[in-house]
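Protein chains in written order, with this note's numbering: chain A, 1 to 106; chain B, 1 to 106; chain C, 1 to 106; chain D, 1 to 106; chain E, 1 to 106; chain F, 1 to 106. Accompanying notes for the structure given below.
Protein chains: 6
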Amino acid sequence: MTNQAQPARPWSDTFPKLAEMTENMLFGDIWERPQLSKRDRSLITVSVLTALYRTEQLRGHVTRALNNGVTRDEIIEAITHVTFYSGWPCGVNAAAVAKEVFEGAK
Amino acid sequence: MTNQAQPARPWSDTFPKLAEMTENMLFGDIWERPQLSKRDRSLITVSVLTALYRTEQLRGHVTRALNNGVTRDEIIEAITHVTFYSGWPCGVNAAAVAKEVFEGAK
Amino acid sequence: MTNQAQPARPWSDTFPKLAEMTENMLFGDIWERPQLSKRDRSLITVSVLTALYRTEQLRGHVTRALNNGVTRDEIIEAITHVTFYSGWPCGVNAAAVAKEVFEGAK
Amino acid sequence: MTNQAQPARPWSDTFPKLAEMTENMLFGDIWERPQLSKRDRSLITVSVLTALYRTEQLRGHVTRALNNGVTRDEIIEAITHVTFYSGWPCGVNAAAVAKEVFEGAK
Amino acid sequence: MTNQAQPARPWSDTFPKLAEMTENMLFGDIWERPQLSKRDRSLITVSVLTALYRTEQLRGHVTRALNNGVTRDEIIEAITHVTFYSGWPCGVNAAAVAKEVFEGAK
Amino acid sequence: MTNQAQPARPWSDTFPKLAEMTENMLFGDIWERPQLSKRDRSLITVSVLTALYRTEQLRGHVTRALNNGVTRDEIIEAITHVTFYSGWPCGVNAAAVAKEVFEGAK
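If you want it as structure tokens, here you go:
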């Protein structure tokens with residue numbers, strides 16, 4: 001996978017091993033495996049980052065999800081669904097992040 | 001319950017189902033049930049948001065708690081108590097948030 | 001939605017409001033919405049329960065996922081993917097649960 | 001506070017410092033402070049242990065709550081309320097634990 | 001690294017990719033890197049599994065820590081220290097697990 | 001222990017009991033115990049705060065770790081190791097924080 005859509009990694013020079021594993025194992029291997037489509041992987045990742053309240057990482061993955069073929073309505077519905085399984089704070093936090101991304105805010 | 005004291009919801013137009021459930025189920029039904037007073041519900045909610053490190057949601061609920069009859073001393077004591085059950089980072093994070101709210105900071 | 005595939009709820013008599021909301025809101029409303037297929041909802045739910053280390057609830061949802069059209073290979077791949085986003089303990093815990101379900105253990 | 005209602009501590013000989021702090025700081029100091037009643041402290045603790053999915057510790061604290069003047073209906077309502085703030089798995093897990101305690105199971 | 005001290009993996013046939021990454025990346029690469037000793041890595045891992053309440057994985061890693069040169073007293077102290085940063089339930093849960101391991105229980 | 005290296009506590013006047021326990025119990029007692037060196041305690045604390053995604057508290061503890069004799073390379077390696085046990089978002093979040101601290105940012 002090209003690194004066009006990779007989130008910025010200002011830490012990569014300081015953490016070369018972590019950067020290498022992110023590039024090679026996570027995006028270069030796992031994300032490229034055919035057992036799940038990129039659309040499905042993005043649907044899963046947005047859902048998990050919502051449930052874990054990982055606000056910063058969620059931001060980039062909402063963008064990635066749109067690029068991978070998850071529609072806005074599907075992202076909205078996934079966050080709504082996950083609200084029940086992780087609690088209202090996780091859901092409304094993710095809703096605010098997704099809205100910003102949809103509106104083109106960085 | 002009127003929505004005077006509802007936290008702002010900039011995402012509600014984008015997430016109409018989530019907004020509807022927040023308004024009707026969570027605040028319109030659960031919070032209005034008589035089995036626990038609003039004072040008790042606020043004491044519980046501030047405690048849980050402290051333990052889960054939900055900083056943004058905690059801010060609004062500290063204000064709501066004061067409006068629902070939880071005293072400042074009770075909020076301070078609840079956060080102190082919860083520090084033991086969720087760890088020092090959760091406690092000091094909530095302490096900083098509560099102090100800002102008490103001092104009228106937004 | 002019929003309650004054929006509902007997880008057992010031994011607590012429902014003691015917690016009637018929670019049982020009502022589980023039946024009506026969660027399974028009767030959210031799970032039935034067309035914005036995401038049941039297959040997608042199950043893929044999301046198995047992933048989130050893996051990430052949150054909710055072992056008991058994961059067990060029933062792996063069964064539900066198979067019934068909703070998620071293949072074994074997709075469940076295996078979702079858990080593998082989520083391992084990176086929530087850590088090795090979450091992943092291996094979910095792998096053990098999924099294996100038991102696949103083998104027909106209750 | 002007497003240790004009649006203290007949870008069993010099989011680890012206390014192996015972890016003397018932890019046992020000392022549990023006895024003196026947590027139960028001997030914090031729980032005895034007058035800024036919140038024992039009834040309120042128990043309401044808070046049951047709620048937080050529900051939200052954090054601390055099944056084993058929740059068991060003992062439901063019993064303690066009943067001893068401290070929280071009614072069954074209040075415990076049921078607190079768990080129901082907290083379900084919204086921490087997600088369905090936390091709520092149903094706590095509901096199952098509370099039901100067992102109510103029915104006199106250890 | 002040999003798999004003498006590896007935790008049992010009943011799921012490895014069903015999850016071959018996860019098993020491969022566990023064997024090669026996690027234990028074969030990360031754990032073998034010289035930037036931190038195995039003794040330090042075990043001290044860290046026991047601490048993190050305590051803080052995350054990963055009871056099952058903690059069990060095997062307490063054994064591994066003893067094999068990697070962390071003393072019992074250091075394990076006891078680490079768990080006691082981490083109790084403050086993750087809360088009493090995490091600490092007492094880990095204390096119970098460590099005690100069982102020390103006493104040779106499986 | 002002197003309070004030279006203590007993190008700022010703007011909440012301490014509002015939360016005197018929490019401030020007292022932080023000063024006396026946590027830093028004055030636990031951190032000073034000889035059963036683990038300060039270097040080991042810092043290695044543990046940075047690792048746990050990474051795993052729990054406690055960004056604000058991690059910032060101060062990376063500084064403390066450097067002062068307590070943990071090298072930059074050891075901090076980098078600990079965060080890399082913990083990434084596997086708590087997930088990529090925790091690891092990259094901690095990497096960004098550590099980088100800022102190393103570069104002398106506040």
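Quick reminder that beta carbons are idealized off the backbone N, C-alpha and C, glycines included.
Any C-beta of chain F under 8 Å from that of residue i
i	result
B/I76	yes
E/D73	yes
A/K106	The predicted position of A/K106 is uncertain, since its pLDDT is 47 and thus under 50; a value taken from the coordinates is nonetheless stated next. So, not an interface residue.
Residue i: first and last residue of the uninterrupted alpha helix (DSSP H) it sits in
i	result
F/L43	38-51
F/W31	Careful: F/W31 lies outside any alpha helix (DSSP H) and carries neither H nor E.
A/F16	Reading off the sequence shown, one finds Pro at residue 16 of chain A, where the question assumed Phe. Unbroken alpha helix (DSSP H) run through A/P16: 16-21.
D/N67	55-67
B/N93	88-102
Contact set between residue i and chain B, taken where Cβ atoms lie within less than 7 Å
i	result
F/T83	Result: empty, since nearest Cβ-Cβ is about 19 Å, beyond 7 Å.
E/P89	Y85
Option nearest residue i by Cα separation, candidates the options
i	options	result
D/R64	D/E77, D/P16, D/F15, D/I44	D/I44
D/Y85	B/R9, B/F27, B/F15, B/K17	B/F27
B/A51	B/E100, B/N93, B/K99	B/N93
E/G104	E/W88, E/R59, E/G87, E/E74	E/R59
F/D40	F/M25, F/H61, F/Y53	F/H61
D/E56	E/A96, E/M25, E/G69, E/F102	E/A96
E/S47	E/N68, E/S37, E/H81	E/H81
E/A19	C/G91, C/E74, C/E100, C/D73	C/G91
F/N67	F/S37, F/K17, F/T83	F/S37
D/P89	C/L49, C/E23, C/V101	C/L49
B/D73	F/M25, F/I75, F/P16	F/P16
C/I30	A/V101, A/I76, A/E100	A/I76
Residue i at chain B interface by Cβ criterion, 8 Å
i	result
E/S86	yes
A/A65	no
Min CB distance residue i to chain C below 8 Å
i	result
A/T55	no
A/A51	yes
D/F15	no
F/A95	no
Minimum Cβ-Cβ distance from residue i to chain A less than 8 Å
i	result
C/M1	At C/M1 the pLDDT is 40, less than 50, meaning the model places this residue with poor confidence; the figure from the coordinates comes in the next sentence. So no, C/M1 is outside the interface.
C/L36	yes
D/V92	no
C/R33	yes
C/I48	Sequence inspection shows Val at residue 48 of chain C; the Ile mentioned does not correspond to that position. Closer than 8 Å to some Cβ of chain A, the Cβ of C/V48 qualifies, so yes.
B/A98	no
Neighbouring residues, chain F, relative to residue i (Cβ below 8 Å)
i	result
A/L43	Residues of chain F passing the Cβ test: none, with the nearest at roughly 17 Å.
Residues that residue i contacts on chain D, provided the C-beta gap is smaller than 8 Å
i	result
E/F27	Result: empty, since nearest Cβ-Cβ is about 28 Å, beyond 8 Å.
Min CB distance residue i to chain D below 8 Å
i	result
C/T80	no
E/A19	no
A/E103	no
Residue-level contact to chain E via CB, residue i, 8 Å cutoff
i	result
D/W11	yes
F/V62	no
Any non-hydrogen atom of the ligand ZN closer than 7 Å to residue i Cβ
i	result
C/G28	As far as ligands go, the structure on display features none, and thus does not contain the ligand ZN.
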